[in-house]
Amino acid sequence: MQQLVKLCLLTGLLTGCLYEKHFNPPKTPVRNQWTVSDKHIQQIDAQETPYLAWWRDFNDPTLNRLIEQGVQNNTSLNMSRGHIEEAEGELKKIRYQWIPTLDMVTGYSRNPATGFPGVLAVLIPNYTMNFFHQMKEHKRAKYTLAQVKAEDDALKLTIISQLSAAYFVYLAELERKKLLDRLEQDLVLYAKIADKVYKGGLSSEIEQQELFSEASVIQGELEVAERNIVISRNAVRYLLNQNPGEVKTEAHFLRLKNHKIIPGSLPLTVLKNRPDLQMAENELRASFEGIGLAASELLPTIQLDLIGGQAAGDSRYAWPRQKVYFNDQLFKMPLIKMSALGEIGKAKGLNKVSYYHYVDVLQKALRDTTNALADHDRYTNKLARTIKAQQHLAKAYILNYRLYKSGLQSYVSILNSKIALDKINIQLNQDKLQQLLSVVRLYQELAGGYKV
């Protein structure tokens, strides 16, 4: 009998080895150099970007507080942490399957297979194990847990970026509202002066009508700015798991500045740091182990039982005093189980899906990071040019004002210069917002800050 058991175990072991394969990650060629250049970042290969709290470089206590609260209180992140606990529990359950079970049975039985025990009280330890199934299930659960943790990191990265972007939009719209108010007041003042000139018979009515029309357009833009303020502050509060309301801050948008140069990273480093790629890789590894898990249904199962205790015997209702002890040593080998072939085919299909999902995530990561580098470079250049244009118009306004004070220039000329300055200030505000949003997006694509 022992020889037969050993032979069956050896057969199962050899059969299992046929299904044991090693995971080979996809070999996708990646050129370790970006196809675009960003002259406004450090030309280094920063390895520790995930540990970089880049938002603190703006020296804005409100932004720091919002991100700290968001990481702690965001509903999606808290759900993600629940998924991590679930995956950890699944892995713990699989680990504990290596430990035999122990049951206690008391009652009455007339089962002839157990010798008509009558009243009985017994302990039944049991150990049922398909070793290859257990190993594959353990590996898959381990990779699933790693996938869920990477998903949590990716979500944290997204929350940090969304909070920063919503806060910057909120500040920008507050500033834009002030600038639009100023422009609207200057246009109305200019229109009133033009109306007086018209009534004095010194000009036509055309100019004042055009100015009032332009002022009405600006009033419409003010409505849009008010709407954007509400939406952006509610976006901030939603990410903090708070009801709609105010966002208190003392920051001024035009003074907001990133005081450090963004550290660059090479493509391979970015791919290694990105949680979305880590998530896709662990999903692929888990699906690969799923193939072996499905194949393990064709492999043998060992069952060891022991029943020990006391029974009354002869189907009697009496206090159990007779000792009971017997055990089973069973070896179950599936001979015909065609459904397992379908499970193997299904697992292979899921693995193929995971493979191409990994390749797609990798290509998107390279595309999005390249686009973010281009955005940051171009929007930073555009902001610098708008700042120059604003400086020229500000200087022109000062010169016109001096001429007016000297009596060499009319007040209308000052208003024209002031309106031009108002318009360039609005454009500067918009360009600064675009540049700040490009900073946020670049840090997100470089996987910055999610491990802080």
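My numbering applies: residue 1074 is where the sequence shown begins, and numbers increase by one. The C-beta atom is built at its ideal place from N, Cα and C for all residues, glycine as well.
For T1322, no alpha helix (DSSP H) segment is defined, and its DSSP state is neither H nor E. In terms of Cβ geometry, L1136 and W1127 do not form a close pair [threshold 8 Å].
L1313 sits in coil when the DSSP states are folded into three classes, being neither helix nor strand. The continuous beta strand (DSSP E) containing I1375 extends over residues T1374 to A1384. In this structure, the beta-carbon distance from Y1243 to R1306 falls below 8 Å. Around the beta carbon of E1248, a 10 Å sphere encloses 16 or more other beta carbons of the protein chains shown; the residue is thus reported as buried.
Looking at the DSSP output, T1179 shares a beta bridge with A1194.
Excluding residues up to 5 positions away in sequence, Q1220 and S1427 lie with their Cβ nearer than 6 Å to the Cβ of E1356 in the same chain. Distance from Y1431 to A1353 at the Cβ level is roughly 4 Å; contact confirmed, criterion being Cβ atoms closer than 8 Å. DSSP places V1397 within a strand segment (E or B) once states are collapsed to three. Secondary structure of P1099 (DSSP, three-state): coil.
Taken through DSSP and simplified to helix, strand or coil, N1502 comes out as helix.
Following the DSSP letters along the chain, one finds D1130 in no alpha helix (DSSP H), marked with neither H nor E. Taking the C-beta atoms as reference points, K1330 is found no nearer than 8 Å to F1096. Beta bridge pairing from DSSP links L1403 with Q1376. Shown here, T1108 sits in coil according to DSSP, grouped into three states, outside any helix or strand. Burial of E1224 is indicated by the presence of at least 16 other C-beta atoms within 10 angstroms of its C-beta. Scanning its chain for C-beta atoms nearer than 6 Å, with the 5 sequence neighbours on each side dropped, one finds around L1379 the residues P1198 and N1400, in chain order. Rounded to the nearest whole angstrom, the C-alpha separation of L1423 and A1214 is 16 Å. By the C-beta density criterion, K1396 is exposed, having fewer than 16 other C-beta atoms within 10 angstroms. DSSP places N1346 in the uninterrupted alpha helix (DSSP H) bounded by P1340 to N1346. Under the three-state reduction of DSSP output, P1173 falls in the coil class, being neither helix nor strand. By the neighbour-count definition (other C-beta atoms within 10 Å, threshold 16), E1283 is an exposed residue. Excluding sequence positions up to five before and after K1112, its CB lies within less than 7 Å of the CB of D1450, all in the same chain and listed in chain order. In the DSSP secondary-structure assignment, N1199 is bridged to T1174 and D1378.
Pairing L1366 with W1171, the inter-Cα distance amounts to about 16 Å.
Beyond the five residues adjoining it in sequence on each side, A1298 comes within less than 7 Å, by CB distance, of E1246, R1249, K1250 and L1253 in the same chain, given in chain order. Judged by DSSP secondary structure, H1465 falls within the alpha helix (DSSP H) whose first and last residues are S1412 to K1478.
The three-state secondary structure of I1140, taken from DSSP, is helix. Residue pairing by DSSP places P1336 opposite Q1115 in a beta bridge. At a Cβ-Cβ threshold of 8 Å, A1438 and L1515 do not count as neighbours. In its chain, beyond the 5 residues on either side, V1144, L1150 and Y1523 have a beta carbon closer than 7 Å to the beta carbon of K1229.
The shortest CA-to-CA distance from A1324 to any of V1513, E1257, L1435 and R1138 is the one to R1138. In terms of CA proximity to G1162, H1211 leads the group Q1402, Q1315, F1204 and H1211. Judged by their CB atoms, G1191 and S1388 are nearer to each other than the 8 Å cut-off.
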